[in-house]
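Novice:
Protein chains in written order, with my numbering: chain A, 1 to 296; chain B, 1001 to 1199.
This is how it looks when you write it as structure tokens:
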């Protein structure tokens, strides 16, 4: 299975543990990812607030490079990139005038945009292309006893997602069950984490993050599993400020790919788990697990 | 005591503003709004807004341009798209918020000293210069522009990022930067009118 790979800026910076875990996990499952040559920032939510034409060109340049590179599906791990690239495809389909402007700009670099490249999230590819059965076969270290709160955030499932539900997505729930983990009921799974408001307007942004952490603690989750570098950063890096405001809500937040890597027997360090502010507790050794389930 | 008028006058309206906004893609469904308030109810940030999303729609429809563009509301929208998905009339409220943000920046009448529009502008400048974003550098620029005291308040966070190897100071940059810039600005060569950054 071959895919083009659009890492996005965050996976080279604050979210580097996402890439560190995504690449070995995909390789382990036989998924080939080729990084898009000379990709640029997708524009995220910020550029869209400034200039719509330029924001469209930014996203379309990446899609055009993907077409030139062979037109394979474009794998996009960051939720913001996933949303922006998909949104631009919708937008250029609906707005011929803008499409003509974008095409004109792209032609300066001899690029061409047809809009045929599919933008896919690794979660989609893992559950629907690789398949849960193939993933189950690779599990050597089941996450038995680990209580996981599956957190999808907003931009992966709204409003352009093609593979899961906007209100109650379940693909990560099913994936975690496949790894042997126990999925806790987490009704806030698609609530906003506060995005960049945690830094710009902490009174508002941090409260949203706090609510998510508090709910995970109430539901007795050992770990929150996330699909987005900004969600991971917010839920992991602001515990100090949150504690000072509202009290302790200590629970680790990791990427779903890190949990997959652990279940495949990879070491926490290899998966970038050493980069967490709030470290995930090490998994108990396999033999120390309760054996009641096998001998009723 | 400072007194303020609590109702709007006809003369406060800027005729044609609604039509202008409706021409922005995604904003054309504005008139279909039934003022049910589902957007304000689902919005995780409406409790902090000076006008709720429902009121913003009503104000735009009635051409109250200055009230809308000066409000904090559009900048507090975190683009979670909950309202867009929930709206019973399929109005793309998030896109309307984007349309209003662009208009506010273009006209320069966004709320001053509010860090979010500053972030958006610094973000776009960095993309024009480098083609990519280096988050730690972006945040430092934001703090310097909007609130330098926040740098002092965030030392713990910065220290934590260094400890976990996530504090990146090496600026990410694409190879064909001048090509990208000429696409964006429509100008050949040069630096697209962007002030040169000291390195």
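Idealized CB from N, CA, C, for every residue including glycine.
Since the model is a prediction, treat every value here as computed from it, not as a measurement.
Return helix, strand or coil for residue 270 of chain A, following the three-state DSSP convention.
Specialist: coil
Novice: What three-state label does DSSP hand residue 115 of chain A in the structure shown?
Specialist: If DSSP states are grouped into helix, strand and coil, residue 115 of chain A belongs with coil.
Novice: Got a sec: is the Cβ-Cβ distance from residue 1121 of chain B to anything in chain A below 8 Å?
Specialist: yes
Novice: Among all the DSSP beta bridges, which residues are the ones paired with residue 3 of chain A?
Specialist: Looking at the DSSP assignment, residue 3 of chain A forms a beta bridge with A/33.
Novice: Using CA coordinates, which residue listed in A/236, A/181 and A/219 is at the minimum distance from residue 195 of chain A?
Specialist: A/236
Novice: Which residues of the stretch 1083–1102 of chain B have a Cβ closer than 7 Å to any Cβ of chain A? Give them in chain order.
Specialist: The residues in question are 1084, 1085, 1098, 1101 and 1102.
Novice: Go ahead and pull the three-state DSSP assignment for residue 156 of chain A.
Specialist: coil
Novice: Go ahead and label residue 1195 of chain B buried or exposed: buried means 16 or more other beta carbons lie within 10 angstroms of its beta carbon, across all protein chains shown.
Specialist: Confidence is the limiting factor: at residue 1195 of chain B the pLDDT is only 45, short of 50, which leaves the residue's position unreliable and the question unanswerable from this model.
Novice: Determine, using beta carbons only, whether residue 1081 of chain B comes closer than 8 Å to chain A.
Specialist: Answer yes: the Cβ-Cβ gap between residue 1081 of chain B and chain A drops below 8 Å somewhere.
Novice: What does the Cβ neighbour count give for residue 1089 of chain B, buried or exposed, with the cut at 16 atoms within 10 Å?
Specialist: exposed
Novice: Starting from residue 1096 of chain B and walking both ways along the alpha helix (DSSP H), at which residues does that stretch end?
Specialist: 1093–1107
Novice: Note down the Cα distance separating residue 42 of chain A from residue 81 of chain A, rounded to an integer number of angstroms.
Specialist: Distance between the alpha carbons of residue 42 of chain A and residue 81 of chain A: 6 Å.
Novice: Out of A/149, A/205 and A/164, state which residue places its alpha-carbon closest to the alpha-carbon of residue 121 of chain A.
Specialist: Nearest of A/149, A/205 and A/164 to residue 121 of chain A, Cα basis: A/164.
Novice: Grab me the residues of residue 22 of chain A's own chain with a C-beta within less than 7 Å of its C-beta, minus the 5 sequence neighbours each way, in chain order.
Specialist: 77, 122 and 257
Novice: How many angstroms separate the CA atom of residue 1017 of chain B from the CA atom of residue 138 of chain A?
Specialist: 59 Å
Novice: Do you know how far the Cα of residue 1005 of chain B is from the Cα of residue 156 of chain A?
Specialist: 44 Å
Novice: For residue 95 of chain A, return the contacting residues in chain B, with the cut-off set at a CB-CB distance below 8 Å.
Specialist: What residue 95 of chain A touches in chain B: 1025.
Novice: Hey, which unbroken runs of the alpha helix (DSSP H) at 4 residues or more fall wholly within the stretch 1042–1088 of chain B?
Specialist: 1053–1061, 1065–1070, 1073–1076 and 1082–1086
Novice: My understanding is that residue 1128 of chain B touches residue 1184 of chain B, with C-beta atoms under 8 Å, so please give their C-beta distance in whole angstroms.
Specialist: The C-beta separation of residue 1128 of chain B from residue 1184 of chain B comes to about 6 Å, placing the pair in contact by the 8 Å criterion.
Novice: What does a CB cutoff of less than 8 Å around residue 1058 of chain B pick up in its chain, not counting 5 residues either side in sequence?
Specialist: 1033 and 1035
Novice: Considering just the uninterrupted stretch of the alpha helix (DSSP H) at residue 198 of chain A, what are its terminal residues?
Specialist: 197–200
Novice: Do residue 180 of chain A and residue 46 of chain A have their beta-carbon atoms positioned less than 8 Å apart in this structure?
Specialist: no
Novice: Helix, strand or coil for residue 282 of chain A, going by three-state DSSP, please let me know.
Specialist: coil
Novice: Spatial neighbours of residue 294 of chain A within its chain, please: CB distance less than 8 Å, with the 5 preceding and 5 following residues excluded, ordered by chain position.
Specialist: At residue 294 of chain A, the pLDDT of 47 sits below 50, so the modelled position is not reliable and the matter cannot be decided from this model.
Novice: Less than 8 Å between CB atoms is the rule here; does residue 161 of chain A satisfy it with respect to chain B?
Specialist: For residue 161 of chain A, the nearest beta carbon of chain B is not closer than 8 Å to its own beta carbon.
Novice: Any Cβ of chain A within less than 8 Å of the Cβ of residue 1115 of chain B?
Specialist: yes
Novice: By the criterion of Cβ-Cβ separation under 8 Å, what are the contact partners of residue 1048 of chain B in chain A?
Specialist: 201, 203 and 204
Novice: Taking only the alpha-carbon atoms, compute the straight-line gap between residue 30 of chain A and residue 197 of chain A and give it to the nearest angstrom.
Specialist: 38 Å
Novice: On the DSSP letters alone, give me the boundaries of the alpha helix (DSSP H) that residue 1124 of chain B sits inside.
Specialist: 1115–1130
Novice: For a cutoff of 8 Å on Cβ pairs, would you count residue 961 of chain B as touching chain A?
Specialist: Coverage of chain B is limited to positions 1001 through 1199, which leaves residue 961 of chain B absent and any answer about it impossible.
Novice: Residue 1022 of chain B CB to nearest chain A CB: under 8 Å?
Specialist: It does not; no Cβ of chain A falls within 8 Å.
Novice: Figure out for me which residue from A/40, A/225 and A/202 has the closest Cα to the Cα of residue 240 of chain A.
Specialist: A/202
Novice: Taking only beta-carbon positions, decide if residue 298 of chain A is within less than 8 Å of chain B.
Specialist: Look at the range of chain A in this structure, 1 to 296, and you will see that residue 298 of chain A is not part of it.
Novice: Using DSSP with H/G/I as helix, E/B as strand and the rest coil, what is residue 252 of chain A?
Specialist: Residue 252 of chain A sits in a strand when the DSSP states are folded into three classes.
Novice: Mind pulling the chain B residues with CB within less than 9 Å of residue 41 of chain A?
Specialist: 1123, 1126, 1127, 1130, 1131, 1132, 1133, 1172 and 1174
Novice: Relative to the C-alpha of residue 161 of chain A, which residue among A/27, A/229, A/89 and A/33 is closest?
Specialist: A/89
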